[in-house]
Amino acid sequence: MKTKIFILLLSIISLSSCEKIFFEEDISNTPINNFEMFWSDFDKFYPSFEIKQIDWDSVYRINRPGISDQTSDIQLYNVLSSMIKPLKDGHVTLVSNLGQCDSDTIPHGYYSNMRIHPQNYLSSFGINNSNISNWSVKNYNIGYISINTFDVKGEAFVYADDSFLIIDDIIKQFKDKDGIIIDLRWNGGGLPTNVETIANRFTDSKRLYIKLRSKNGPRKNDFSDWIDCYIEPKGPEQFLKPVVVLTSKSTGSAAEWFTLAMKTLPNTSIVGDTTAGCFSPKIERELPNGWSFTLSSKIAVSAGMVQYEGFGIPPDYYVLNTKNDLDNKRDAILEKGIELIEMKKK
Amino acid sequence: MVKYFFLLFVICFQSAISFSQDTRKINSDKSHVFSFYTGYSKYIERDDAMSPFKYRGYSLPLEVTYRHNGAKCRQIFYVNFDKLKLLSSLPNYENAGLSHYVQNTNIQIGYSYMYRLFRLAKFQTDIYFGGEINSLLNLRRHAYINNNEFLMLDQFSSIGLKALIEKRFSNDKQVATLNINIPILSYALMKNTYNAYNGDKIDPLMNYSGNMLLYLAKNGDFVSLNRLVYFKTELSFIQFISNHIGVECKLSLRYYQFTQYEDMNYSKNLQSQILIGIVGKL
Numbered sequence: 006m007k008t009k010i011f012i013l014l015l016s017i018i019s020l021s022s023c024e025k026i027f028f029e030e031d032i033s034n035t036p037i038n039n040f041e042m043f044w045s046d047f048d049k050f051y052p053s054f055e056i057k058q059i060d061w062d063s064v065y066r067i068n069r070p071g072i073s074d075q076t077s078d079i080q081l082y083n084v085l086s087s088m089i090k091p092l093k094d095g096h097v098t099l100v101s102n103l104g105q106c107d108s109d110t111i112p113h114g115y116y117s118n119m120r121i122h123p124q125n126y127l128s129s130f131g132i133n134n135s136n137i138s139n140w141s142v143k144n145y146n147i148g149y150i151s152i153n154t155f156d157v158k159g160e161a162f163v164y165a166d167d168s169f170l171i172i173d174d175i176i177k178q179f180k181d182k183d184g185i186i187i188d189l190r191w192n193g194g195g196l197p198t199n200v201e202t203i204a205n206r207f208t209d210s211k212r213l214y215i216k217l218r219s220k221n222g223p224r225k226n227d228f229s230d231w232i233d234c235y236i237e238p239k240g241p242e243q244f245l246k247p248v249v250v251l252t253s254k255s256t257g258s259a260a261e262w263f264t265l266a267m268k269t270l271p272n273t274s275i276v277g278d279t280t281a282g283c284f285s286p287k288i289e290r291e292l293p294n295g296w297s298f299t300l301s302s303k304i305a306v307s308a309g310m311v312q313y314e315g316f317g318i319p320p321d322y323y324v325l326n327t328k329n330d331l332d333n334k335r336d337a338i339l340e341k342g343i344e345l346i347e348m349k350k351k
Numbered sequence: 184m185v186k187y188f189f190l191l192f193v194i195c196f197q198s199a200i201s202f203s204q205d206t207r208k209i210n211s212d213k214s215h216v217f218s219f220y221t222g223y224s225k226y227i228e229r230d231d232a233m234s235p236f237k238y239r240g241y242s243l244p245l246e247v248t249y250r251h252n253g254a255k256c257r258q259i260f261y262v263n264f265d266k267l268k269l270l271s272s273l274p275n276y277e278n279a280g281l282s283h284y285v286q287n288t289n290i291q292i293g294y295s296y297m298y299r300l301f302r303l304a305k306f307q308t309d310i311y312f313g314g315e316i317n318s319l320l321n322l323r324r325h326a327y328i329n330n331n332e333f334l335m336l337d338q339f340s341s342i343g344l345k346a347l348i349e350k351r352f353s354n355d356k357q358v359a360t361l362n363i364n365i366p367i368l369s370y371a372l373m374k375n376t377y378n379a380y381n382g383d384k385i386d387p388l389m390n391y392s393g394n395m396l397l398y399l400a401k402n403g404d405f406v407s408l409n410r411l412v413y414f415k416t417e418l419s420f421i422q423f424i425s426n427h428i429g430v431e432c433k434l435s436l437r438y439y440q441f442t443q444y445e446d447m448n449y450s451k452n453l454q455s456q457i458l459i460g461i462v463g464k465l
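Protein chains in written order, with our numbering: chain Y, 6 to 351; chain R, 184 to 465.
Listed below in structure tokens is the structure:
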């Protein structure tokens with residue numbers, strides 16, 4: 006019996022000591038290791054250095070000498086933040102216990118992404134849920150749809166969300182309108198599948214709207230083949246009359262996919278400001294000190310191979326709201342949208 | 184935890200004694216053996232596509248096994264289930280939305296058939312050799328900033344070799360076994376995954392509105408030892424208390440290393456379990 010117990014104990018000890026055989030040690034938490042991992046993950050995964058004309062090797066040469074084992078957390082945070090700021094990418098973020106550094110391009114005092122008293126312009130609140138809602142425009146036969154997000158709660162990579170199918174009821178309600186204004190000025194993105202659920206209700210044929218390719222290897226030119234994405238007519242009916250899409254610098258990611266999709270349609274105009282210019286899905290990586298950062302992982306171009314990544318989609322009609330508009334409860338961007346639909350009606 | 188195992192042992196033994204009635208020989212040539220186990224499971228995993236850091240966790244696994252002991256063969260069917268939260272050594276800053284964890288679900292189903300190759304009568308030991316088909320699903324929800332989660336998975340359906348050494352002790356109420364299974368050919372999903380959003384299998388899912396798992400299942404690849412190093416070994420000891428009832432203690436170790444991307448990214452997973460089970464024999 007003693008032998009059996011001995012064998013059993015020996016086996017338990019063997020099992021519990023297997024970790025060192027099969028796994029390498031985690032990288033230790035030192036300022037140098039944090040810096041090196043941050044730099045090399047961007048070097049491996051970030052696809053847009055060339056587009057943004059940033060020499061990442063020189064970023065290393067400039068910043069690495071300033072890092073030592075005596076570098077404090079706040080010094081490290083400042084160095085890493087300074088490395089990503091020039092990327093001007095809404096999908097690049099450093100999150101730490103000391104704060105969050107975003108690499109986006111929204112300037113201070115930017116009013117075009119403010120909600121300017123919608124009650125001055127809108128009435129007859131209609132069908133809605135937390136993602137999408139609709140109204141009629143006061144004094145005009147125009148529908149207004151606000152899409153706050155294309156995301157679903159809590160998940161970064163899931164199937165299409167059925168809540169966006171509410172668009173079929175909205176299209177039915179608006180079928181006699183002269184046109185529809187779709188407001189994306191506060192929409193920071195979400196899932197492409199939800200983008201297509203909405204855009205499919207505005208097209209009369211299958212249209213290529215975006216092409217993507219992935220950074221799929223560590224070398225600078227490791228990219229996948231282009232992946233084509235289409236919209237096509239879906240749902241009980243489609244709205245084919247004039248549509249105006251309102252955009253701002255806060256219109257990002259999947260909301261930009263939607264803007265590109267709508268740009269392929271003959272009856273659609275884009276009004277407002279240039280969008281954020283961050284089309285790619287973002288990935289997250291971790292550092293030994295527990296901080297995390299996100300970065301883009303793909304490159305997107307329009308159907309006509311125009312590169313909007315890093316630049317954003319320019320509107321057809323460039324209109325900005327100012328501080329003065331805000332004070333006077335005036336939404337110049339929405340007014341331009343109404344004007345365009347009224348003009349096309351004639 | 185120790186109290187729990189002690190209690191479990193007491194329950195097992197009491198049940199066994201209460202069922203013990205008849206005195207026929209236990210290790211008759213043909214029998215059907217059912218086992219139900221639970222115990223202690225330790226997990227370590229590292230998924231380079233998601234994070235370069237190890238995640239560890241402990242849980243209470245469940246396993247059900249059916250064994251058919253033929254005159255010259257052994258057949259084993261098993262289902263093993265585990266659900267647990269894995270944590271890393273990284274510091275968490277929950278106020279900043281930084282919680283580093285992985286929600287892990289593990290299901291493994293297998294069937295093996297082995298034929299007796301040798302009988303070492305002097306040592307009351309038989310050696311069996313055969314094959315196993317099994318399917319493994321390791322589903323992981325990696326925490327993302329602000330408690331969002333990102334789904335990753337390893338799924339292999341494999342066929343491989345299995346060897347079993349079975350030793351009966353002189354009183355014929357004790358049986359010890361040692362087995363090892365090495366999958367040789369596997370149908371694996373998620374080949375060529377470079378990171379969370381990029382890879383041969385993930386890229387087409389960018390705007391895919393159908394069932395993601397079904398899509399992945401249809402688009403797997405056959406891989407062998409060059410991409411998937413995988414083995415499972417078990418050491419078991421059964422103490423029969425009656426002709427029909429026994430208690431089993433089993434140590435299990437499973438490891439796989441799947442080459443997600445060239446020779447750079449690996450998904451590594453080590454599962455070690457100490458299982459205690461009730462055994463019923465017909």
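Cβ coordinates follow ideal geometry from the N, Cα and C atoms, glycine included.
Query: Please work out which residues of its chain come closer than 6 Å, Cβ to Cβ, to asparagine 448/R, disregarding the five sequence neighbours upstream and downstream, and give them in chain order.; Result: Asp231, Ala232
Query: Give the range of the beta strand (DSSP E) segment to which glutamate 228/R is assigned.; Result: 214 to 230
Query: Among Asn333/Y, Ile79/Y, Lys182/Y, which residue has its Cα nearest to the Cα of phenylalanine 40/Y?; Result: Ile79/Y
Query: Cα-Cα, which of Ser86/Y, Arg206/Y, Ile318/Y, Asn272/Y is closest to leucine 254/Y?; Result: Per the sequence presented here, residue 254/Y reads as lysine, with leucine not at that position. That would be Ile318/Y, whose Cα lies nearest to the Cα of lysine 254/Y.
Query: I'd like to know if the segment 38 to 56 of chain Y and the segment 275 to 294 of chain Y are in contact, where contact means that at least 3 CB-CB pairs between them fall below 8 Å.; Result: yes
Query: For lysine 349/Y, collect the residues of the same chain with a Cβ closer than 7 Å to its Cβ; drop the 5 residues on either side in sequence, then sort them by chain order.; Result: Gly184, Pro247
Query: Can you tell me where the alpha helix (DSSP H) holding proline 274/R begins and where it ends?; Result: No alpha helix (DSSP H) holds proline 274/R; DSSP gives it neither H nor E.
Query: Short of 8 Å in beta carbon distance, which residues of its chain neighbour valine 462/R, apart from the five on each side in sequence? Order them along the chain.; Result: Val216, Phe217, Ser218, Ile421, Phe423, Ile428, Gly429, Val430, Glu431
Query: Can you check which of these residues, Glu24/Y, Met42/Y, Glu201/Y, is closest to isoleucine 32/Y by C-alpha distance?; Result: Met42/Y
Query: Within 10 angstroms of its Cβ, does proline 469/R collect 16 or more other Cβ (buried), or is it exposed?; Result: Chain R is shown only over 184 to 465; residue 469/R falls outside these bounds and no answer can be derived.
Query: Between which two residues does the alpha helix (DSSP H) carrying tyrosine 65/Y extend?; Result: 61 to 68
Query: In this structure, does DSSP put methionine 267/Y in helix, strand or coil?; Result: helix
Query: Say whether chain R places a C-beta atom closer than 8 Å to the C-beta of lysine 25/Y.; Result: no
Query: Can you list the residues of chain Y that phenylalanine 236/R reaches, using a CB-CB cut of under 9 Å?; Result: Asp31, Ile32, Glu291, Pro293
Query: Would you list the residues sitting across from glutamine 338/R in a DSSP beta bridge?; Result: Leu320/R
Query: What span of residues does the alpha helix (DSSP H) with glutamate 417/R cover, start to end?; Result: Where glutamate 417/R is concerned, there is no enclosing alpha helix (DSSP H), although the beta strand (DSSP E) it sits in stretches over 411 to 423.
Query: With 8 Å as the limit, tell me which residues of the segment 450 to 463 of chain R have their beta carbon closer than that to any beta carbon of chain Y; keep them in chain order.; Result: Lys451, Leu453, Ser455, Ile457
Query: Please state the DSSP three-state secondary structure of methionine 389/R.; Result: coil
Query: Do the segment 213 to 222 of chain Y and the segment 371 to 382 of chain R touch if we need at least three Cβ pairs shorter than 8 Å?; Result: yes
Query: Can you name, in chain order, every residue of its own chain whose Cβ lies under 8 Å from the Cβ of phenylalanine 50/Y, other than the five neighbours on each side?; Result: Lys220, Ile288, Arg290, Leu300, Ser302
Query: State whether the segment 345 to 356 of chain R contacts the segment 304 to 317 of chain R, with contact taken as three or more CB pairs (one from each stretch) at a distance under 8 Å.; Result: yes
Query: On the CB-based measure, 16 or more other CB atoms within 10 Å of its CB, does glutamate 314/Y come out buried or exposed?; Result: buried
Query: Does the CB of tyrosine 327/R have a neighbour CB from chain Y at under 8 Å?; Result: yes
Query: Could you name the residues that DSSP lists as bridge partners for glutamine 105/Y?; Result: Val100/Y
Query: Please classify phenylalanine 405/R: is it buried, with 16 or more other beta-carbons within 10 angstroms of its beta-carbon, or exposed?; Result: exposed
Query: Looking only at its own chain, which residues have a Cβ that is under 6 Å from the Cβ of valine 358/R, when we skip the five neighbours before and after it?; Result: Arg351, Ile421
Query: Return helix, strand or coil for isoleucine 209/R, following the three-state DSSP convention.; Result: Summary for isoleucine 209/R: the model assigns pLDDT 41, below 50, so the residue's position carries little reliability; its value from the coordinates is reported in the next sentence. Coil.
Query: Considering only their Cβ atoms, is the gap separating phenylalanine 169/Y from aspartate 263/Y smaller than 8 Å?; Result: It is phenylalanine, not aspartate, that sits at residue 263/Y in the sequence shown. Contact flag unset, no.
Query: For proline 244/R, count the other beta carbons within 10 Å of its own beta carbon; 16 or more makes it buried, fewer makes it exposed. Which is it?; Result: buried
Query: Which residues of the segment 193 to 218 of chain Y have a Cβ closer than 7 Å to any Cβ of chain R? Give them in chain order.; Result: Pro197, Thr198, Glu201, Leu217
Query: Which chain R residues are close to lysine 303/Y, counting only those with a beta carbon under 9 Å from its beta carbon?; Result: Tyr380, Asn381, Asp386, Met389
Query: Just confirm the distance between the C-beta atoms of leucine 322/R and leucine 336/R, as a whole number of angstroms; I'd bet it's less than 8 Å.; Result: 5 Å
Query: At the 8 Å Cβ level, is isoleucine 227/R part of the contact set with chain Y, yes or no?; Result: yes
Query: Would you please verify whether the beta carbon of asparagine 275/R is less than 8 Å from any beta carbon of chain Y?; Result: yes
Query: Would you tell me roughly how many angstroms separate the C-alpha atoms of serine 86/Y and phenylalanine 228/Y, rounded to the nearest one?; Result: 27 Å
Query: Closer than 8 Å, CB to CB, is glycine 313/R near chain Y or not?; Result: no
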